[in-house]
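A.B. asks:
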Amino acid sequence: MNIFKDFQKNVKEIILSLSNEGKLPKNLDLKNVTAEAPRDINHGDIATNAAMVLVKQAKMKPRDIAELITCGLRDIDIVDNVEIAGPGFINIRLRPSFIQSQVKSILNQGFDYGRSTLGDGEKVNVEYVSVNPTGPLHVGHCRGAVFGDALSTLLDHVGYDVTREYYINDAGGQIDVLARSTYLRYLEAIGETVDEIPEGLYPGEYLIPVGKALADKVGDKYRGLPESEWLYEVRSFATDAMMDLIREDLNTLDIQHDVFFSELSLHENGGIQKGLEQLEEKGLIYTGVLEPPKGKLPDDWEERPQTLFKSTDFGDDVDRALKKSDGAWTYFAADVAYHSNKVERGFNTLIDVWGADHGGYVKRVQSVVTALTDGKAELDVRLCQMVKLLRDGSPVKMSKRSGNFITLRDIVDEVGKDVVRFIMLTRKNDASLDFDFARVTEQSKDNPVFYVQYGHARVFSVVRKATEAFNGLDVSEQSLMKANLELLTDESELNLIKAMVNWPRIVEGAALAHEPHRISYYLFDLASEFHALWNKGNDRVDLRFIIDNNKEITLARLAMITAFSKIIASGLNILGVEPLNEM
RNA sequence: GCGCCCGUAGCUCAGUAGGAUAGAGCACCGGAUUUCUAAUCCGUAGGUCACAGGUUCGAAUCCUGUCGGGCGCGCCA
């Protein structure tokens, strides 16, 4: 249920029948006709641009077209009045009784209000986090994790069939480093003395228990052996341990992936060759020599022939290497295979969530997806900008060298999952974000998490008090739906309901744009309407939600704010934040 | 040098399938409030939407160029 869509349909039907009556030309193109909430509330509840859009096609003046459409609109029973304004907008004002009735409709649908079938069950693959399994997650990973997860829930909410996926980069040189670092911790565990972790290895203490666990498992079997004897097994042991660690970290944020896809598996089961074959068949792989980059030349630049993918055919800047000079596959080659695999699993909509520092990599992977599917599948890469950690306005110092950086776990332990999740979604993904430990836990209007949560909690507090005031009042949804909603006549009340009615539109817009932050902003705005109404009650006792000697109006208001709480709760649910009933 | 992202109020930012007089919070200024409808409230002011062109009935939004900032720039992951 989305009243704007309904009206868009109504307007189009009116235009078609005007065409049939000969008052407007036939076969008009109506794709740009919209029905939206005007920005200025004084312009009414719904505005349509139909008259202006049709000017050229109909060869008529906008106001004349508007007049014709207006007549049709006036016949709709929920329409109060219609005005033509500005350059030809048609402003529609709805009957208060209709606005009021929306409360019932929201209560009736409950948490499902705002869900839709927009996605039509289409499969979407959202890949996020995908951090190298070489250590615990730190703050930098946090944002992408929350973003990807909220986006997934959002898409699910509007009817897509979402798969949440993590690509395990378990095949590169960094994994060898992990294995060597773990081996040292293993030697420690079996009683050898290791003075210092050498430069270039991971010094973090999180590997100590992994070394110990390895020792428990294999005893001293690897002692004194050359690297070639233990590397492969230690690698796999350590990778598993790191993935367990990462999964635990993600769990603290309530993030669970459906699929963990191993890069190594592509190397080991011929997946890479298989992926490249398809490009080969399309004649997109060749051996060639790349021009050195303009500007500053890499120190070790050496011209040599390479196996290349012709990504420039698809908008990339240069063709991209698939093999390294030692003959091994590049990371990109595995990514070709990986994305090919996603497409083979039936996904035509792919979303990858990366850090902004990988921006230069976007075009080549998009080229792959376009090439493999002849443009039928689409890859949207969402880049997440940095998070600046602050404490009371000053930057938090982090020393990466000592392996002593702020982890995701640290931040969740300090401020809690809900705060982390909400704040991470208070900025557009491609804008950098300040995270101030002091401010995000503040109990004040300046803190959006608090403000939204507080709105929800206030509703529950009111409902509790109402059941006391009216001994044993039935506040079930069934009861509230029977309330006399026509008693909700104050402008602030109607404005709150109108804000609620926007919810389905916001969800769809956010989902289509792949922008979950729009949900946070909406929730904040909606909460503001609610708090504004609450504050009005300070001066005007007659506007308070509980009116002691008037059960009927109290019930109507409880219905309204309960509906409000449903929307807040389902919005928070999309963000992965638990609504609070008490604060 | 090239590519991507960004440039909106003093500050932090919303606002893109093109819509009307460009919004919010903070800060500032002016009032109210000393309370459990507790974790403040109301209001005023603040803008050549970086700049210059173009497309359009209509541009912060789309196109081109310029300036400014961030990220990236054979074989790393």
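The numbering of the first sequence is our numbering, which starts it at 0 and goes up by one.
All C-beta atoms, glycine included, are put in the ideal place defined by N, C-alpha and C.
Computed from a prediction, not measured in an experiment: that's the story for all the values here.
1) How about arginine 94 and isoleucine 77: are their beta carbons less than 8 Å apart?
2) Can you tell me the Cα-Cα spacing of arginine 408 and threonine 348, whole angstroms?
3) May I have the straight-line CA-CA distance separating phenylalanine 404 from asparagine 168, to the nearest angstrom?
4) What are the residues that DSSP puts in a beta bridge with glutamate 377?
5) Cβ atoms of proline 503 and leucine 424: under 8 Å apart, would you say?
6) Taking just the CA atoms, how far does isoleucine 496 sit from aspartate 541?
7) Decide if glutamine 442 is buried, meaning its Cβ has at least 16 other Cβ atoms within 10 Å, or exposed.
8) May I ask you to list the residues that DSSP assigns as paired with histidine 137?
9) Measure the alpha-carbon distance for phenylalanine 529 versus glycine 314 and round it to whole angstroms.
10) With 16 as the cutoff for other CB atoms within 10 Å, does phenylalanine 110 come out buried or exposed?
11) DSSP state of tyrosine 337, grouped into three classes?
12) Judging by CA-CA distance, which residue of Thr553, Val576 and Leu487 is the nearest neighbour of phenylalanine 97?
13) Where lysine 55 and serine 115 are concerned, what is the direct C-alpha to C-alpha distance, given to the nearest angstrom?
14) Give me the Cα-Cα distance between lysine 216 and glutamate 198, rounded to the nearest whole angstrom.
15) Considering only residues of the same chain and omitting the five flanking positions on each side of threonine 311, which have a CB-CB separation below 7 Å?
16) Ends of the alpha helix (DSSP H) at leucine 249?
17) Roughly how many angstroms lie between the CA atoms of glutamate 507 and valine 176, to the nearest whole one?
18) Run through the DSSP bridge pairs and tell me what alanine 89 is partnered with.
19) Along the alpha helix (DSSP H) that carries isoleucine 13, what are the first and last residues, could you check?
20) With respect to the alpha helix (DSSP H) encompassing asparagine 124, which residues constitute its N-terminal and C-terminal limits?
21) Can you tell me which of Pro578, His455 and Met582 puts its alpha carbon nearest to the alpha carbon of phenylalanine 563?
22) Leaving out five residues on either side along the sequence, give the residues of the same chain with a beta carbon under 8 Å from the beta carbon of valine 368.
23) Am I right that tyrosine 274 and alanine 336 are in contact with their C-beta atoms under 8 Å? What's the rounded C-beta distance?
24) Could you check how far apart the C-beta atoms of asparagine 428 and phenylalanine 146 are, in whole angstroms? I think they sit under 8 Å.
25) Compute the beta-carbon to beta-carbon distance between aspartate 351 and glutamate 126, rounded to the nearest angstrom, for a pair I have assumed lies under 8 Å.
26) Relative to the C-alpha of phenylalanine 523, which residue among Ala568, Lys103 and Ala558 is closest?
27) Counting only the same chain and skipping the five closest in sequence on each side, list residues whose C-beta sits under 6 Å from that of alanine 65.
28) Span of the beta strand (DSSP E) holding glutamine 365?
29) With DSSP run on the structure shown, which of helix, strand or coil describes tryptophan 300?
30) Look at the alpha carbon of serine 180 and the alpha carbon of aspartate 219, and state the distance between them as a whole number of angstroms.
31) Return the residue from the list Leu106, Phe434 and Val193 that minimises the CA-CA distance to leucine 389.
32) Using the Cα positions of glutamate 195 and glycine 139, report the straight-line distance between them to the nearest angstrom.
33) Measuring only the C-alpha atoms, how far is leucine 283 from aspartate 119?
34) Looking at the strands, I want to know which residues DSSP matches up with isoleucine 284.
35) Based on DSSP bridge pairs, tell me the residues matched to lysine 387.
C.D. replies: Based on what the coordinates show:
1) The count along the first sequence starts at 1 and reaches residue 94 at position 95. The count along the first sequence starts at 1 and reaches residue 77 at position 78. Yes, the Cβ-Cβ distance between arginine 94 and isoleucine 77 is below 8 Å.
2) Taking the first sequence and counting its residues from 1, the one referred to as residue 408 is at position 409. Taking the first sequence and counting its residues from 1, the one referred to as residue 348 is at position 349. Approximately 32 Å, taken between the alpha carbons.
3) If you number the first sequence from 1, residue 404 lands on position 405. If you number the first sequence from 1, residue 168 lands on position 169. If you take the alpha carbons of phenylalanine 404 and asparagine 168, they lie about 21 Å apart.
4) Here residue 377 is taken as the residue at index 378 of the first sequence, counted from 1. Bridge partners of glutamate 377: Thr348.
5) The residue you call residue 424 lines up with position 425 of the first sequence. The residue you call residue 503 lines up with position 504 of the first sequence. Against a cut-off of 8 Å, the Cβ pair of proline 503 and leucine 424 comes out as no contact.
6) Within the first sequence, numbered from 1, the residue matching residue 541 stands at position 542. Within the first sequence, numbered from 1, the residue matching residue 496 stands at position 497. If I take the Cα positions, the gap works out to 19 Å.
7) By 1-based counting over the first sequence, the position of residue 442 is 443. Glutamine 442 is exposed by the Cβ-count criterion.
8) The residue given as residue 137 occupies position 138 in the first sequence. According to DSSP, which records beta bridges pairwise, histidine 137 is partnered with Thr406.
9) As a working mapping, residue 529 is identified with position 530 in the first sequence. As a working mapping, residue 314 is identified with position 315 in the first sequence. The straight-line gap from Cα to Cα measures roughly 49 Å.
10) For this step, residue 110 is matched to residue 111 along the first sequence. Looking at its Cβ environment, which holds fewer than 16 other Cβ atoms inside 10 Å, phenylalanine 110 is exposed.
11) To locate residue 337, count along the first sequence from 1; it is residue 338. The answer is helix: DSSP assigns tyrosine 337 an H, G or I state.
12) As a position in the first sequence, residue 97 is number 98, starting the count at 1. Minimum Cα distance to phenylalanine 97 is reached at Leu487.
13) Taking the first sequence and counting its residues from 1, one reaches residue 55 at position 56. Taking the first sequence and counting its residues from 1, one reaches residue 115 at position 116. So the alpha carbons of these two residues sit roughly 35 Å apart.
14) Position 217 of the first sequence, counted from the first residue, corresponds to residue 216. Position 199 of the first sequence, counted from the first residue, corresponds to residue 198. A direct Cα-Cα distance of roughly 28 Å separates lysine 216 from glutamate 198.
15) Reading the first sequence from its first residue, position 312 is the one you call residue 311. Correct list, in chain order: Val317 and Asp318.
16) Within the first sequence, the letter at position 250 stands for residue 249. From DSSP, the alpha helix (DSSP H) with leucine 249 extends over 226-251.
17) Locating residue 507 in the first sequence gives position 508, where the first residue counts as 1. Locating residue 176 in the first sequence gives position 177, where the first residue counts as 1. The alpha-carbon atoms of glutamate 507 and valine 176 are separated by roughly 45 Å.
18) Indexing the first sequence from 1 puts residue 89 at position 90. Looking at the sequence itself, residue 89 is isoleucine, so the reference to alanine does not match. Answer is Thr47 and Ile83.
19) Position 14 of the first sequence, counted from the first residue, corresponds to residue 13. Unbroken alpha helix (DSSP H) run through isoleucine 13: 2-19.
20) Residue numbering aside, residue 124 sits at position 125 when the first sequence is read from its first letter. For asparagine 124, no alpha helix (DSSP H) run applies; the uninterrupted beta strand (DSSP E) run containing it begins and ends at 122-126, by DSSP.
21) Residue numbering aside, residue 563 sits at position 564 when the first sequence is read from its first letter. Comparing Cα positions, the closest option is His455.
22) Stepping through the first sequence from its first residue, residue 368 is reached at position 369. Counting only Cβ-Cβ distances below 8 Å, and skipping sequence neighbours, we find His338, Val342, Leu349, Ala376, Glu377 and Leu378.
23) As a first step, residue 274 is located in the first sequence; it is residue number 275 there, counting from the start. As a first step, residue 336 is located in the first sequence; it is residue number 337 there, counting from the start. The residue you asked about is not tyrosine; residue 274 is glycine in the sequence shown. Confirmed, about 3 Å.
24) Sequence index remark: in the first sequence, residue 428 carries index 429 (1-based). Sequence index remark: in the first sequence, residue 146 carries index 147 (1-based). That pair is a contact at about 6 Å.
25) Taking the first sequence and counting its residues from 1, the one referred to as residue 351 is at position 352. Taking the first sequence and counting its residues from 1, the one referred to as residue 126 is at position 127. Under the criterion of beta carbons closer than 8 Å, aspartate 351 and glutamate 126 qualify as touching, at roughly 5 Å.
26) By 1-based counting over the first sequence, the position of residue 523 is 524. Residue Ala568 is the option with its Cα nearest to phenylalanine 523.
27) Position 66 of the first sequence holds residue 65. Around alanine 65: Ala50, Ile83, Gly87 and Ile89.
28) Start at 1 with the first residue of the first sequence, and residue 365 comes out as number 366. From DSSP, glutamine 365 is part of no beta strand (DSSP E) but of the alpha helix (DSSP H) over 361-372.
29) For this step, residue 300 is matched to residue 301 along the first sequence. In the structure shown, tryptophan 300 sits in coil (DSSP, three-state: anything other than H, G, I, E or B).
30) Numbered from its first residue, the first sequence carries residue 180 at position 181. Numbered from its first residue, the first sequence carries residue 219 at position 220. In a straight line, the C-alpha of serine 180 is about 17 Å away from that of aspartate 219.
31) Walking along the first sequence from the start, residue 389 turns up at place 390. Checking every option, the nearest Cα to that of leucine 389 belongs to Phe434.
32) For the purposes of this step, residue 195 is taken as residue 196 along the first sequence, with counting starting at 1. For the purposes of this step, residue 139 is taken as residue 140 along the first sequence, with counting starting at 1. If you draw a straight line from the Cα of glutamate 195 to the Cα of glycine 139, it comes to about 27 Å.
33) Residue 283 sits at position 284 when you count from the first residue of the first sequence. Residue 119 sits at position 120 when you count from the first residue of the first sequence. Approximately 34 Å between the Cα atoms of the pair.
34) Numbered from its first residue, the first sequence carries residue 284 at position 285. Per DSSP, Phe308.
35) The count along the first sequence starts at 1 and reaches residue 387 at position 388. Asp433.
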